[in-house]
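Protein chains in written order, with the working numbering: chain A, 1 to 82; chain B, 1 to 147. Just so you know, even glycine gets a beta-carbon here, dropped at the ideal spot from N, CA and C. The structure presented is a predicted model; accordingly, all values stated were derived computationally and were not measured. One structure is given here, and the rest of the page talks about it.
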Amino acid sequence: MIEVLYFAWVRERIGLPREKLETGATTVADLVDELRAREPRYAAAFADISALKVALDQELSSFDAPLAGVREVAFFPPMTGG
Amino acid sequence: MRVAVQSAPFDVGAEVTAFTSGVRGAGAVVSFAGLVRDEGGDLSGMEIEHYPGMTEKAILGIVGQAVDRWSLKDALVIHRHGALKPGEAIMMVATAALHRMDAFAAAEFLMDYLKSRAPFWKREIRAGGDAWVAAKEADEDALKRWE
Chain A
1 MIEVLYFAWV
11 RERIGLPREK
21 LETGATTVAD
31 LVDELRAREP
41 RYAAAFADIS
51 ALKVALDQEL
61 SSFDAPLAGV
71 REVAFFPPMT
81 GG
Chain B
1 MRVAVQSAPF
11 DVGAEVTAFT
21 SGVRGAGAVV
31 SFAGLVRDEG
41 GDLSGMEIEH
51 YPGMTEKAIL
61 GIVGQAVDRW
71 SLKDALVIHR
81 HGALKPGEAI
91 MMVATAALHR
101 MDAFAAAEFL
111 MDYLKSRAPF
121 WKREIRAGGD
131 AWVAAKEADE
141 DALKRWE
C-alpha cells in the first residue's frame, strides 16, 4: 500500500488531494503509467511529466527512481515559493 | 536557526528586531521580505498551497546548507501559506554572519532555493479569474550560480 499525494493543478485535474493505492509498479514511471491507464482525468494530469516533479517520502526525486520501500509519493508542478 | 511555516500574518520589523537582538557574535544582519504585489489593482489576492511535512524539512535542509557554507551565526525563514492580500508579507529571510558579504550571499542563496525547491504553489486571484503561477526558467537558472 502506497499513499499518493497531488498538489496544485495536479490535485485539481485529478480531483482529490491524496489516495491510498495498491500497486505493482517498481518505479515512479511505472506508477505514472498505471495511473494514466485508470481514467481520463489521470491521463490529463500526467499528459506531460516533463511539466511535473515528484517527491518520494518527502524528498525530491525523479521519475526513474525505484519505489521499493517508499510509503509516500507526491506529484506536483514546479514549485513557486519565495 | 528558526523556520516557521504558518498561515498567520507576521510583523517583518518585529521579526528583524528580535532576530538581531538574539544573535551573538555577528557583525552583519541581512533581511529580505517578499510581498504580494497588487499588479496595478488587477490582483486581489493570493492563495498559497504547500506540502505539510515536506515544506519544513525542505526549508531546514536549505537553511542548513546556507549556515554551513557561509558560517552563519543564525538564520531565520518565515513563509506563509493560505490566503494573502496585496501588500502582505508572503515570506522573509534573515541571516547573521561575521561580515556583510556572507550575510548577503546567504540571503540570496536562501531566496533562490526557496523559490524553486520549497514545496509551495502560488495561485493568483484576479478580476479575470484565478490562475496558478507558472515557475520561471530564470528562477531555475538562478540556482546554477550556487553550484
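Asked, Found
"Give the DSSP bridge partners of residue 46 (chain B), in chain order.", "B:84 and B:124"
"What are the boundary residues of the alpha helix (DSSP H) that residue 57 (chain B) is part of?", "54-69"
"Taking all protein chains shown into account, decide if residue 15 (chain B) is buried (16 or more other Cβ within 10 angstroms of its Cβ) or exposed.", "buried"
"What does DSSP give as the partner residue(s) for residue 21 (chain A) in the beta ladder?", "A:2"
"For residue 136 (chain B), does the three-state DSSP call read helix, strand or coil?", "coil"
"Quick one: which residues of the stretch 99-130 of chain B get their C-beta closer than 7 Å to a C-beta of chain A? List them in chain order.", "111, 114, 115, 116, 117, 118, 119, 120, 121 and 122"
"So the alpha helix (DSSP H) residue 22 (chain B) belongs to, where does it begin and stop?", "12-22"
"Per DSSP, which one or two residues make a beta bridge with residue 6 (chain B)?", "B:80"
"Could you tell me if residue 95 (chain B) is buried or exposed, where buried requires 16 or more neighbouring beta carbons within 10 angstroms of its beta carbon?", "buried"
"Looking at chain B, is there any beta carbon in it that lies within less than 8 Å of the beta carbon of residue 7 (chain A)?", "yes"
"If we ignore side chains and look at the alpha-carbon of each, how far apart do residue 130 (chain B) and residue 64 (chain B) end up?", "35 Å"
"What's the C-alpha gap between residue 39 (chain B) and residue 46 (chain B)?", "12 Å"
"Going along chain B in order, which residues have a C-beta closer than 8 Å to the C-beta of residue 76 (chain A)?", "51, 119 and 121"
"In terms of DSSP beta bridges, what is residue 53 (chain A) paired with?", "A:76"
"Below 7 Å CB to CB, which residues in the same chain sit around residue 27 (chain B) once its five sequence neighbours on both sides are set aside?", "98 and 99"
"Counting only Cβ pairs nearer than 9 Å, list the residues of chain A close to residue 57 (chain B).", "58 and 59"
"Report yes if the C-beta distance between residue 79 (chain A) and residue 116 (chain B) is below 8 Å; otherwise report no.", "yes"
"Considering Cα atoms alone, identify which of B:23, B:93 and B:142 is closest to residue 60 (chain B).", "B:93"
"Keeping to the same chain, check which residues put their C-beta closer than 7 Å to that of residue 70 (chain B); ignore five residues upstream and five downstream.", "97, 102, 105 and 106"
"If I measure Cβ to Cβ from residue 126 (chain B) and keep anything under 6 Å in the same chain, skipping five residues before and after, which residues do I get?", "42 and 43"
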